[in-house]
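Student: These protein sequences, in sequence, are chains S and G.
Letter by letter, the first sequence follows residues 1 to 245 of the numbering used here.
Letter by letter, the second sequence follows residues 246 to 745 of the numbering used here.
Note that beta-carbon positions come from the ideal geometry of N, C-alpha and C, so glycine has one too.
Treat the numbers as computed from the prediction; the structure is a model and nothing was measured.
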Amino acid sequence: MSNTFLWAVFPYIAVALCVFGGLYRYFHDRFSFSSQSSQFLENRMAFWGSTMWHYAIILILIPHVLGFLVPGAWAALIADQTRLYVMEVTGLALAVMATLGLAILIVRRLSNARAQSVTSVMDWVLLGALGLQVVMGFWIAFFYRWGSEWYLHTSVPWLVSLVNFNPQIQYVTAMPLPVKIHMLNAFVILALFPFTRLVHIVTLPLPYLFRPYQVVIWNRKRNVPYDAPTGVASIGPDVPYLRRG
Amino acid sequence: MDIRAQVSMVFHLDKCIGCHTCSIACKNIWTDRKGTEYMWWNNVETKPGTGYPTTWEDQDKYKGGWVKDGDRLRLRLQGRTEGLGNIFFNPNLPTIDDYYEPWTYQYDELFNAPEGDDQPTARPISLITGKPMDIEAGPNWDDDLGGSPIYASNDVNLEKLTEHEREQLNEVERLVFFYLPRICNHCLNPSCVAACPSGAIYKRGEDGIVLISQEKCRAWRMCVSGCPYKKTYYNWATGKSEKCILCYPRLETGQAPACFHSCVGRIRYLGLLLYDADRIQETALADEADLVMAQRRIIQDPFDPLVIHAAKANGITDQQIAAAQNSPSYKFVKKWGIALPLHPEFRTLPMLFYVPPMLPVLGKMKDGIYDSSAVEGMGQMLNSLEKARIPVRYMASLFSAGNEEIIREVYRKNIAVRLFKRAQRVKDISAAEAQEALEIGKTTAEEAEAIFNLTSLPTMEERFVIPAFAREEAIEQSLDPYTHKPAAGFGYREAPARRW
């Protein structure tokens, strides 16, 4: 019963919260749809913590997602022993880096009075969940070797069964406790997504790479359409209530 | 020709008495909220001095503005891809300590302290942490040259001076300073807009006011780094950047911005300029010595029928054109050419112009004695600029990207106006000498009279020529109100607070 709830019901609740909660927040409270940076108040630890954390965790997440999306290709990639070694060692190094980065960020918010003043309860909840996740991930990488291999035969089939709305919990119920915590906590973090600063993940400003440098908005309709020989873009008329979101 | 209208400001530094009334008017209206206490959208600096935030002019440190790279402009801050790479940590962000930590006092301790031998004191407490703090810096910490061995001597503009000139500035007999009030320049080529990854900052097409959409801002803080004037600020409490909005709600209702309206010395002028948006790029790419002239060239004559035609084709209204023809900014900047942009070498084409202050023209001449005989011949008075207490080179570093000839021209004209009026009123200068001064100043009696009038005797209506503005939230201009009404209901306002 509890196994059914944990492995076959809770993931759906978490994903539903993530998607619908995220959409609700995007459309009804776009003002807060970002991470509230505190670098302005504390610069030095933010550099080491934030940079190490972000780059390491992104590089760690990529293989997690690839193994799930293209398990065949992933299996082929790690079929060679050397490549498997490289993968495992890199993963371990990145796990150390992410753990260290997050530890710095946690210590920063504990020790710096200015950073503390802009830290909310949900920030601590999130830091706790992320901390548990990277520590467990590191634990697994260290004590349960070859995760890049067995991940494909345990978690991935379970995740695929979830996607197919036919949950096969036998793939995961017999896993060791640290692995179970890691998998469940991943869904906890998904559920936390809309209620925390995690929403900033989907605000990555990729359009910046392509838009003209200058942005000009006209409140009224212009009589003449304007092409942009100077790199000055005209956007609009921008209707205020659409802009509000 | 793509003619657009731009609200443009002129600050006449000769009249600034450094009273900070403008700063207070602005603060009381816009930045008395949590997270904005340290912000001064309008601030008044003492020059020579390091300003606010400290040494903001030093772009080697802050990386603001544009750099001319061959025939292209690039942000000094970073390229676009580099910008995304720096998104987890902005390496060129000033921190709160570059401004100052805002504080208040525990006033209740004055009343609640137990009886004792000593006077109760109100301790300063930080407005960020709420804890007691030591005050180490504040806005205008170096006001009126306070602490100048530390502050004034670190003024970036002094680097251009010789060792001898710098030493002279420290002599008590030669001490000199003036005030530099600063607000957002509402640039034609704003680098804050260009640096914003979210595209949250925009220039209003109708009047050129630069605004930050609080809904679109995602707190990457690149605008704070990108603006060379450090006139966008990060609100640490809401996680949004904010900046001077030129009091657009006041402008839209025909009132001058609060800092303009409250100015005690009446140093501030506001009016429309018509400019050719097609030439923004070429103007921003001008050679350093030519930047001031290029900026004058991009401003178009509002009486030219061709310009008027192009302006109307662009939807500029008749009232706006009339306002541009009557604009004090047009007169000071283009017609008379005595108002100059601040640090044009940042290449953002700032639209706030300064009439440089008439320095104590004479410095110590020889053997520590002021040689007053030099003032008697008017030609010498005009040519005594070289002996001004603040070297022309210093003013050139501020207002003309190093072009000293432009500074001299402005000063010669301003001195000519003074001599011309002195000949009229005090009558200790002969008409011939006044005429000579006008010739050296490359001006005429009519122009000198006009400059005198707008400088010394202007009415409120002459200082602020405000046309009917396109309102920021006026729906009629883009949508049928009957379509809009059922979709929007009452108002759009939400408290700018984070609930998550």
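Below 8 Å on the Cβ atoms is my guess for Ala-261(S) versus Ala-14(S); work out the distance and round it to an integer in Å.
Tutor: An answer regarding residue 261(S) cannot be provided, because it is not within the stretch 1 to 245 covered by chain S.
Student: Report the rounded CA-to-CA distance for Lys-476(G) versus Glu-694(G), giving the unit in angstroms.
Tutor: Whole-angstrom Cα-Cα distance: 36 Å.
Student: Is there a C-beta anywhere in chain S that falls below 8 Å from the one on Ile-373(G)?
Tutor: Yes, Ile-373(G) lies at the interface with chain S (some Cβ there is under 8 Å from its Cβ).
Student: Let me know the secondary structure DSSP gives Arg-109(S) once reduced to three states.
Tutor: It is helical.
Student: Taking DSSP as the reference, what is the three-state secondary structure of Met-52(S)?
Tutor: Helix, per DSSP.
Student: Just the C-alpha distance for Gly-67(S) and Pro-377(G), rounded to the nearest angstrom, thanks.
Tutor: Computed Cα separation, rounded: 53 Å.
Student: By Cβ distance below 6 Å, which residues in the same chain neighbour Val-312(G) in space, the five residues on each side in sequence not counted?
Tutor: So the list reads Arg-319, Arg-321, once near-sequence residues are dropped.
Student: With Ala-11(S) as the anchor, note down where its alpha helix (DSSP H) starts and where it stops.
Tutor: First, the residue type needs correcting, since residue 11(S) is Pro and not Ala in the sequence shown. 10-16 is the extent of the alpha helix (DSSP H) around Pro-11(S).
Student: Under 8 Å, Cβ to Cβ, is there at least one residue of chain G near Thr-99(S)?
Tutor: Closer than 8 Å: no.
Student: Do you know whose CA, among Arg-145(S), Phe-138(S), Leu-198(S), Thr-154(S), lies nearest Met-97(S)'s CA?
Tutor: It is Phe-138(S).
Student: Closer than 8 Å, CB to CB, is Ala-250(G) near chain S or not?
Tutor: No - not a single Cβ of chain S is within 8 Å of the one on Ala-250(G).
Student: Within the region 254-330 of chain G, note down every full alpha helix (DSSP H) run reaching 4 residues or more, in order along the chain.
Tutor: Counting whole runs of 4 or more residues, the region 254-330 of chain G contains the alpha helix (DSSP H) stretches 266-275, 304-307, 325-330.
Student: Is Gln-36(S) close to chain G, meaning its C-beta is less than 8 Å from at least one C-beta of that chain?
Tutor: Cβ-Cβ to chain G under 8 Å: yes for Gln-36(S).
Student: Please compile the residues from chain S whose C-beta is within a distance smaller than 7 Å of the C-beta of Phe-591(G).
Tutor: Within chain S, no residue comes near Phe-591(G); the closest Cβ sits about 15 Å away, beyond 7 Å.
Student: Between which residues of its own chain and Cys-429(G) is the CB-CB distance below 6 Å, once the five residues before and five after are set aside?
Tutor: Hits under 6 Å: Lys-476, Lys-488, Cys-489.
Student: Do you know how far the Cα of Arg-744(G) is from the Cα of Val-224(S)?
Tutor: Because the pLDDT of Val-224(S) is 42, which lies under 50, any placement of that residue in the model is unreliable, and the number read from its coordinates should be weighed accordingly. Cα to Cα, the separation comes out at about 42 Å.
Student: Considering Cα atoms alone, identify which of Phe-27(S), Ile-140(S), Leu-41(S) is closest to Val-118(S).
Tutor: Taking only the C-alpha atoms, the option nearest Val-118(S) is Leu-41(S).
Student: Would you mind stating whether Asn-434(G) and Arg-592(G) have Cβ atoms separated by less than 8 Å?
Tutor: Taking 8 Å as the Cβ cut-off, Asn-434(G) and Arg-592(G) qualify as a contacting pair.
Student: Alpha carbon to alpha carbon, how far is Val-202(S) from Phe-246(S)? Give it in angstroms, no decimals.
Tutor: Outside the displayed span of chain S (1 to 245) sits residue 246(S), for which this structure offers no information.
Student: Does DSSP put Ile-373(G) in a helix, in a strand, or in coil?
Tutor: Coil at Ile-373(G), not helix or strand.
Student: Per DSSP, Phe-709(G) is paired with what?
Tutor: BP columns for Phe-709(G) point to Leu-515(G).
Student: With 8 Å set as the bound, which would you pick, yes or no: does the beta-carbon of Leu-329(G) sit closer than that to a beta-carbon of chain S?
Tutor: Yes, because at least one Cβ of chain S sits closer than 8 Å to the Cβ of Leu-329(G).
Student: Check the Cβ-Cβ distances between Phe-333(G) and every residue of chain S, and say whether any is below 8 Å.
Tutor: Cβ-Cβ to chain S under 8 Å: yes for Phe-333(G).
Student: Quick test of the definition: if touching needs 3 or more C-beta pairs under 8 Å, does the region 454-464 of chain G touch the region 521-536 of chain G?
Tutor: The region 454-464 of chain G is not in contact with the region 521-536 of chain G.
Student: Counting Cβ pairs closer than 8 Å, one from the region 86-94 of chain S and one from the region 50-63 of chain S, do we hit at least three?
Tutor: Yes: at least three Cβ pairs fall under 8 Å.
Student: Identify the continuous alpha helix (DSSP H) that holds Gln-364(G) and give its terminal residues.
Tutor: Looking at the DSSP string, Gln-364(G) is not in any alpha helix (DSSP H), and its letter there is neither H nor E.
Student: May I ask you to verify whether the region 298-308 of chain G touches the region 526-537 of chain G, counting CB pairs closer than 8 Å and requiring at least 3?
Tutor: No contact exists between the region 298-308 of chain G and the region 526-537 of chain G.
Student: Among Ala-539(G), Gly-315(G), Pro-336(G), which residue has its Cα nearest to the Cα of Gln-323(G)?
Tutor: Closest by alpha carbon: Pro-336(G).
Student: On the three-pair Cβ rule with 8 Å, is the region 469-486 of chain G touching the region 280-287 of chain G?
Tutor: Because the criterion of three Cβ pairs below 8 Å is met, the region 469-486 of chain G and the region 280-287 of chain G touch.
Student: Going by the beta-carbon positions, is the gap between Thr-295(G) and Tyr-424(G) smaller than 8 Å?
Tutor: No. Outside cutoff.
Student: Enumerate in chain order the residues of its own chain whose CB-to-CB distance from Cys-264(G) is below 6 Å, with the five nearest sequence positions on each side excluded.
Tutor: Val-509, listed in sequence order.
Student: For the beta strand (DSSP E) that contains Leu-127(S), what are its first and last residues?
Tutor: Not the beta strand (DSSP E): Leu-127(S) falls in the alpha helix (DSSP H), residues 121-143.
Student: Just the chain G side, please: which residues come within less than 7 Å of Ser-111(S) by C-beta, in chain order?
Tutor: The premise fails here: Ser-111(S) is roughly 12 Å from chain G at the closest Cβ pair, so nothing lies under 7 Å.
Student: Counting only the same chain and skipping the five closest in sequence on each side, list residues whose C-beta sits under 6 Å from that of Ala-358(G).
Tutor: Same-chain partners within the cutoff: Pro-365.
Student: Closest to Thr-498(G) by C-alpha separation, out of Met-538(G), Arg-513(G), Phe-709(G), would be which residue?
Tutor: Comparing Cα-Cα distances from Thr-498(G) to each of Met-538(G), Arg-513(G), Phe-709(G), the minimum goes to Phe-709(G).
Student: Just list the residues that DSSP pairs Ser-436(G) with in beta bridges.
Tutor: None; Ser-436(G) has no bridge partner.
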